[in-house]
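Residue numbers (our numbering), protein chains in the order written: chain L, 162 to 435; chain R, 4 to 293. Glycine included, every Cβ here is placed at the ideal spot set by N, Cα and C.
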Amino acid sequence: LQGIIKGGKNIFEEIEKLLIEADIGPSTVYDILEAIREDNKRIKNYKELTGFLKAHLTKVLDGSEGKLNLSDKSIILIYGVNGVGKTTTVAKLARYLTVKGKKVALVAGDTYRAAGGEQLDVWANRLNVKIYKQGHGADPGAVIFDAITSFKNKKEYTTLIIDTGGRLHTNENLVNQFSKIIRVIRKAWGKIPDERLLVLDGTMGQNTVNQVNIFSKVIDINGIIMTKLDGTAKGGILIRIFKKYNIKIKFLGMGEKIGDLEEFRISNYLERLF
Amino acid sequence: NLKDKISSVLSQLKGKRLNKDYVEKVLREMRISLLEADVHYKVASEFINLVKEKTTGEKILGSLTPYQQIVDIVYQEFVKIMGEKPVLLEPQKGRLNIMEIVGLQGSGKTTQVAKLSNFYKKQGYKVLVTSLDVYRPAAIDQLRILANNNDLDFYYEESKKPIKMAKKAKDYAVKNNYDILIFDTAGRLHIDKEMMKEVKVVKDTVKADEIILVVDSMVGQDAANIAKEFNDKLNITGSILTKLDSDTRGGAALSVRFISEAPILFIGKGEKIDDIEQFYPDRMAQRILG
Ligand SMILES: Nc1nc2c(ncn2[C@@H]2O[C@H](COP(=O)(O)OP(=O)(O)OP(=O)(O)O)[C@@H](O)[C@H]2O)c(=O)[nH]1
Ligand SMILES: Nc1nc2c(ncn2[C@@H]2O[C@H](COP(=O)(O)OP(=O)(O)OP(=O)(O)O)[C@@H](O)[C@H]2O)c(=O)[nH]1
Ligand SMILES: [Mg+2]
Ligand SMILES: [Mg+2]
C-alpha cells in the first residue's frame, strides 16, 4: 500500500493512524485503503488523500441517514448496554418530538438500577411530559404493558417512548428479559415497536460490533443513536457497522443537555472524523 | 498463563529458521490483533517496535532457541507495562484516607464507589461515601440508594457547590473517625476545562490521597486521550476498569496503564455490590491478546 502515495510511508502511516484512531477498526481501515488504491493510482499528497477518503466514505455511507417514521400513534423503544446514554437520550427525544408538535409520554422501563426510574422522572418533570412509572423492582414487562394499554386509549398522546435498563449483550438473562419485553409490547400494541432504536456509546471501540450483532438477533433494529461524540471520540465504528449491518443511523448525542441531539448527517459526521 | 498465550500467538515462529523479515511479519500481525483489541494506535506501535528491536538482532535469531527467547522478550515487555503482580491498595488504618473517583460519563463511577466502600468495609475499615454530582438527575439518590441497600455510610448535605460539599464531608469524616472517605464525582469530558478544574480544586482542597480513574473497558482509541488528560491534570494514582463481564478484549487497559503509569487496582465485572475484584495483570494481558 505504500506504493500508492508518492510521499511514501509517512503519508500512508499518517492516514492509517487517523482512521484507526477514529475507531474504524483495522480490517475495515485496510479495506478502505485498498479501495482507494484501486481507484487512484497516483496520489500527490496528504490533502489529496483525505479528499479521496471523504469521497469514498460518503459512498460507503450512502443510505445510512435515517429518520423517525412516526404516525399519529407510535411507540419508540430505546435499549443498549449499560451507561451509554439511553435515559438521557429518551429525554432528548421527548423534547425533540415535542418541538415538532408531537404529544409525548414516557415509560420508566428501568426498574432495576438504583434511581433508574427517578432519573427519567426528573426529566419528565422538567419537560412537563407524562411519565408512566411503577415502583423499584416491578417487572419491566408489566410496567410497559400497563403503559401501552393506557397510552393506546388516550387521545392526548401521539408518541410513547420506552426507556429500558442497561443490559450487556453477553448477559443471557437480561437478553432474555429483553426478548420478553418485545413479546409484551407485541401483545399490548399488536405489533413490534414502531421505532426500535439501539443506543451506542461513541467512546466505545470494536466491542460495539458485538453489541449490534447480539441485539440484532433478538430485535429488528431499525435505527441507531450514537451518543457522546462531543468529546474526542470520532465514532468511526459506525462505518464498520453500516457496512456490515446496513442499519440506518438516526441521531447523534452531542452532550448532556436536553437540546444536545442532532439528526445524523453523513457530511457533518465525516467532517468531524477528519 | 500469559507466557503460554504469547507462545500460541507467536506459534508461527516455532520450529523454523528465523530471519528478520519473517519475525517482523509475525509481529505486524500481533500489532493488528492489539488494534482489534482496542489498544491505542501509538501504544501498539511503541510496544511492537520495542519488541521488534529486541528480537530481530543476530544474537537472538542466530541462537539455538530463537522462538523461546522471542516469547520471553514479549512476555517481559508485557509485564513491564501491565505490571507483574496485582497492586493492593491498602489504606492506613487510624487516619482518614481520601479517595476521589473520576472519569467520563457513564463509565461506572457511582456503582464502583459503592463496591469499593463495601470491599473495604468487609476488611474492617470504617468507610464513608458521598456524592459531589450536582448535575446528573437523581445522581445523589442513586448513591444514597446503593448505600442504604448495602448498609454503607452515606453523607450528604443539600448544596449546589461541590467544593463546599467536599469540605463538609471531610470535616464530618474526620469528626466521626472514618478511615476512608470516598468521593463520587460527576461524569465529565477530559476536554471540559471547567469540569476538569473542578475535580482538581476538590483534590487540592481536601488533599485527596488517591485519585482513581474509572474507565469503561469497552472504550476504544479514546482511552489514550482520557488517560493522558486526567493524568496530566490530576496525577491519577490508580484506575478501575469496569464492565469486564462483557466480551470486550479490553485493550483500553493497556493504553491507560501505559499512559498514566498508575496501577490498575480493580476491575468491575457486574452491577452488583460484590462485582469488584483485584486486577490481575497477566489475566488482562491474556484477554487483550485474544
Ligand atoms: N458528553 C455526553 N454525555 C452524555 C451523552 N448522553 C448521555 N451522557 C451522559 O452519560 C451518562 C449516562 O447517561 P444515562 O442516560 O444515565 O445512560 P443510560 O444508558 O441510561 O445508563 P443505564 O440506564 O445505567 O444503562 C450521564 O452522565 C449522561 O449525562 C452525550 O451525548 N454526551
Ligand atoms: N455489567 C456491568 N455494568 C456496570 C458495571 N459497573 C457499572 N455498571 C453499570 O453501568 C451503568 C453506569 O454506571 P454508573 O455507576 O451510573 O456510571 P457513572 O460513571 O457514575 O455515570 P455518570 O455519573 O453519569 O458519569 C449502570 O447501569 C451500572 O449498573 C460493571 O462492572 N458491569
Ligand atoms: Mg438509564
Ligand atoms: Mg455517577
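Under 8 Å, do T364 (chain L) and G397 (chain L) count as touching if we go by C-beta distance? In this structure, G397 (chain L) does not lie closer than 8 Å to T364 (chain L) by Cβ.
Going along the chain, which residues of the region 212–244 of chain R sit with their C-beta nearer than 9 Å to a C-beta in chain L? Of all residues in the region 212–244 of chain R, D219, S220, M221, V222, G223, Q224, D225, A226, A227, N228, I229 and E232 have a Cβ within less than 9 Å of some Cβ in chain L.
Could you check if R34 (chain R) is buried or exposed, using at least 16 other CB atoms within 10 Å of its CB as the buried criterion? Buried: at least 16 other Cβ atoms inside 10 Å.
Beta carbon of K409 (chain L) nearer than 8 Å to that of I386 (chain L): Not closer than 8 Å, so no.
At least 3 beta-carbon pairs within less than 8 Å: the region 111–119 of chain R vs the region 368–378 of chain L: No, the region 111–119 of chain R is not in contact with the region 368–378 of chain L.
Where does K124 (chain R) fall in DSSP's three states? The three-state secondary structure of K124 (chain R), taken from DSSP, is helix.
Taking C-alpha atoms, which residue in L:K208, L:T219 and L:T211 lies nearest to K404 (chain L)? Shortest Cα-Cα distance from K404 (chain L) to any of L:K208, L:T219 and L:T211 involves L:T219.
Assuming K291 (chain L) and V360 (chain L) are in contact, meaning their beta carbons sit under 8 Å apart, how far apart are those beta carbons, in whole angstroms? The C-beta distance from K291 (chain L) to V360 (chain L) rounds to 22 Å, too long to fall under 8 Å, and the pair is not in contact.
Assess contact between the region 266–275 of chain R and the region 4–22 of chain R, defined as three or more Cβ pairs (one per stretch) separated by less than 8 Å. Is contact present? No: fewer than three Cβ pairs fall under 8 Å.
Find out if the Cβ-Cβ distance for the pair K253 (chain L), T319 (chain L) is shorter than 8 Å. Not a contact, by the Cβ cut-off of 8 Å.
Does R14 (chain R) come out as helix, strand or coil in the three-state DSSP assignment? The sequence given here has Ser at residue 14 (chain R), not Arg. DSSP places S14 (chain R) in helix when its eight states are reduced to three.
Whole-angstrom distance between D362 (chain L) and S66 (chain R), CA atom to CA atom: A direct Cα-Cα distance of roughly 49 Å separates S66 (chain R) from D362 (chain L).
Can G109 (chain R) be considered in contact with ligand 2, in the sense that its beta carbon sits closer than 7 Å to one or more heavy atoms? If you check the C-beta of G109 (chain R) against ligand 2, you find a heavy atom less than 7 Å away.
Taking a Cβ distance cut-off of 8 Å, strictly less, list which residues of the region 20–39 of chain R are near chain L, in chain order. Closer than 8 Å at the C-beta level to chain L, one finds these residues of the region 20–39 of chain R: I35, L38 and E39.
Once DSSP output is grouped into helix, strand and coil, what is the label at Q163 (chain L)? Reliability fails at Q163 (chain L), whose pLDDT of 42 lies under 50, so the model's placement of it is uncertain and the value that follows must be treated cautiously. Q163 (chain L): helix per DSSP, three-state reduction.
Can you tell me whether N429 (chain L) is buried or exposed, with buried defined as 16 or more other CB within 10 angstroms of its CB? Per the 10 Å Cβ criterion, exposed.
Quick one: give me the first and last residue of the alpha helix (DSSP H) that F282 (chain R) is part of. No alpha helix (DSSP H) holds F282 (chain R); DSSP gives it neither H nor E.
Which word fits L146 (chain R), buried or exposed, when buried means at least 16 other C-beta atoms lie within 10 angstroms of its C-beta? With 16 or more other Cβ atoms within 10 Å, it is buried.
Ordered along the chain, which non-local residues of its own chain (more than five positions away) have a Cβ less than 7 Å from that of K124 (chain R)? Closer than 7 Å at Cβ, skipping near neighbours: V130 and L155.
Go through the region 163–251 of chain L residue by residue and report every complete run of the beta strand (DSSP E) that reaches 3 residues or more, in order. Considered as a whole, the region 163–251 of chain L harbours 235–240 as its complete beta strand (DSSP E) runs of no fewer than 3 residues, in chain order.
For a contact meaning CB atoms closer than 8 Å, what does A288 (chain R) contact in chain L? By Cβ distance, chain L contributes nothing, its closest Cβ being about 18 Å from A288 (chain R), past 8 Å.
Let me see if you follow: with CB-CB separation under 8 Å, is P140 (chain R) close to chain L or not? Interface residue (Cβ-Cβ distance to chain L less than 8 Å): P140 (chain R) is classified as such.
With 8 Å as the threshold, decide whether the Cβ of Q295 (chain L) is near any Cβ in chain R. No, Q295 (chain L) lies away from the interface with chain R (no Cβ there is under 8 Å from its Cβ).
Beta-carbon distances below 7 Å to any heavy atom of ligand 3 define the shell here; list its residues in chain order, please. Per the Cβ criterion, the list is L:K247, L:T248, L:D271, L:R274, L:G277, L:Q280, L:D324, L:G326 and L:G327.
If you drop the 5 nearest sequence neighbours on each side, which residues of the same chain put their C-beta closer than 7 Å to that of G293 (chain R)? So the list reads S36, A40 and R252, once near-sequence residues are dropped.
Proximity test, G106 (chain R) beta-carbon vs ligand 4 heavy atom, cut-off 7 Å: No heavy atom of ligand 4 is found nearer than 7 Å to the CB of G106 (chain R).
Compute every distance between the C-beta of N243 (chain L) and the non-hydrogen atoms of ligand 1, then say whether any falls below 7 Å. Yes.
Taking 8 Å as the limit between beta carbons, can you name the residues of its chain near E27 (chain R), skipping five residues before and five after? Cβ-Cβ distances below 8 Å link E27 (chain R) to K55 and T59 in the same chain, with the five nearest sequence neighbours on each side left out; the list follows chain order.
Quick check: what's the CA-CA separation for I148 (chain R) versus A276 (chain L)? Their backbone Cα atoms lie some 7 Å apart in a straight line.
Y316 (chain R) touches chain L at which residues, Cβ-Cβ below 7 Å? This structure gives no information on residue 316 (chain R), because the portion of chain R shown stretches from 4 to 293.
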